[in-house]
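Each residue of the sequence shown is one higher than the last, beginning at -4 in our numbering.
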Amino acid sequence: MNVTVLGKSPSWQDAGGACSGYLVQEDGLNLLLDCGNGVFGKLRSRLDYVDVHAVVLSHLHADHFLDLVPFSYALTYAPRQQPVPVDRWPGTQHPARPSLHAPPGARDTFRRVVGAWGGEDLIENAFDLREYHADAALEVGPLRIAFAEVDHFVKTFAVSITSTVTCGHFVFSADTGPSEKLVAFATGADLLMVEATLPRPEREGPRGHLTPAEAGEHAGLAGAKALVLTHISDELDETWAREEAGKAFGGPVQVAQEGAVYEV
Ligand SMILES: [Zn+2]
Ligand SMILES: [Zn+2]
């Protein structure tokens, strides 16, 4: 299984960057994990969007789903998706309609967002929308997908993806504060991608994100084989983040870079 970083920014994009988005590929199956702002353009530079079979969302914050809007417009209005020939496109009776696995309440959220200016059913018409629940176990082609609810400001799920071809095990923390559940869920992962949003813990209010050191602690406790920090701004010092996480993890740490491909 290959995991390609399409976007790794937190809720404001890096210069030239994109928010949360990862392309997971195995045996001809293309799955997009999160679709934050900027991700659709990054996806298009790597893969034809009609070849995306499934999209999985970790939670319903803008930086994790907002590019479903342009993606939905493409699936709805692109000449190639129409039943009759348009321009150089021959027409199709089978337009792409990827499955979209989203947290509970997604349909209402999408309707509110898109309904602000147009037809509120844009996203649910473009995709085959299915709301998952915490103990759902999905099979998408050769991938087994599971969820664990983590501690964030809205209902948020860490996502585990296992290849039935290689048995490779990838876990994505989503956005989370310190979470014992994440440690248990990620135990033994071949690749653990953990958010490391904060230069220091939140000064007040509930925790909803991690520092690089905390990300490293989680990965160490989980016994992950490799750690990649993500959801980290280009305004933070990467070397500092890697060192902080490395001390706690006890192994090598990478900071996600757009375009990086991890073989799991
Ligand atoms: Zn986020
Ligand atoms: Zn979030």
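Backbone N, C-alpha and C define an ideal beta-carbon position, used for all residues, glycine too.
Being a predicted model, the structure only gives us computed values, none of them experimental.
- Query: Does DSSP classify G2 as helix, strand or coil?
  - Reply: strand
- Query: Leaving out five residues before and five after G183 in sequence, what residues of the same chain have Cβ atoms less than 6 Å from its Cβ?
  - Reply: G218
- Task: Would you kindly work out how many angstroms separate the C-alpha atoms of H56 and A97, rounded to a whole number?
- Result: 12 Å
- Message: Nearer than 7 Å: is that true of the beta carbon of D82 relative to any heavy atom of ligand 2?
- Response: no
- Opening and closing residue of the alpha helix (DSSP H) in which H59 lies: A57 to F60
- Query: Using the beta-carbon count (16 or more within 10 Å), is G36 buried or exposed?
  - Reply: exposed
- Item | Own chain, CB closer than 8 Å to G23, minus 5 neighbours either side, in chain order | G136
- Task: List the DSSP bridge partners of M188.
- Result: F167 and V223
- Task: Take A169 as the anchor and find which of T192, S158 and C162 has the nearest alpha-carbon.
- Result: T192
- Query: Is E239 helix, strand or coil when you go by DSSP?
  - Reply: helix
- Task: Verify the contact flag: H164, CB atom, against every heavy atom of ligand 2, threshold strictly below 7 Å.
- Result: no
- Item | Residues passing the C-beta test against ligand 1 heavy atoms, cut-off 6 Å | P5, S6, S15, H56, D58, H59, D170 and H226
- Task: Tell whether a beta-carbon distance below 8 Å holds between G16 and V34.
- Result: yes
- Answer with buried or exposed for Y72, where buried requires no fewer than 16 other C-beta atoms within 10 angstroms of its C-beta. exposed
- Message: I want to check one thing, is the minimum distance from the CB of H48 to the heavy atoms of ligand 2 below 7 Å?
- Response: no
- Rounded to whole angstroms, what's the CA-CA distance from S269 to F142? Just pull it up for me. Residue 269 lies beyond the residue range present for the chain, which begins at -4 and ends at 259; the question has no answer from this structure.
- Query: If we call anything under 8 Å between Cβ atoms a contact, is E126 one with A101?
  - Reply: yes
- Quick one: grab the DSSP three-state call for E120. For clarity, residue 120 is Asn in the given sequence; the question names Glu instead. In the structure shown, N120 sits in a helix (DSSP, three-state: H, G or I).
- Message: One question on the structure: do L186 and V145 come within less than 8 Å of each other, judged by their Cβ atoms?
- Response: no
- Query: Within this structure, are the beta carbons of G2 and A10 separated by less than 8 Å?
  - Reply: no
- Item | Residues near V109 by beta carbon distance below 7 Å, same chain, minus five either side | V64, E115, L117 and I118
- Task: Determine the burial state of E190: buried for a count of at least 16 other Cβ atoms within 10 Å of its Cβ, exposed for fewer.
- Result: buried
- Task: State yes or no: is the C-beta of H147 nearer than 7 Å to some heavy atom of ligand 2?
- Result: yes
- Query: In chain order, what residues of the same chain lie with their CB nearer than 6 Å to the CB of G163, ignoring the 5 residues before and after it?
  - Reply: M(-4), D185 and V259
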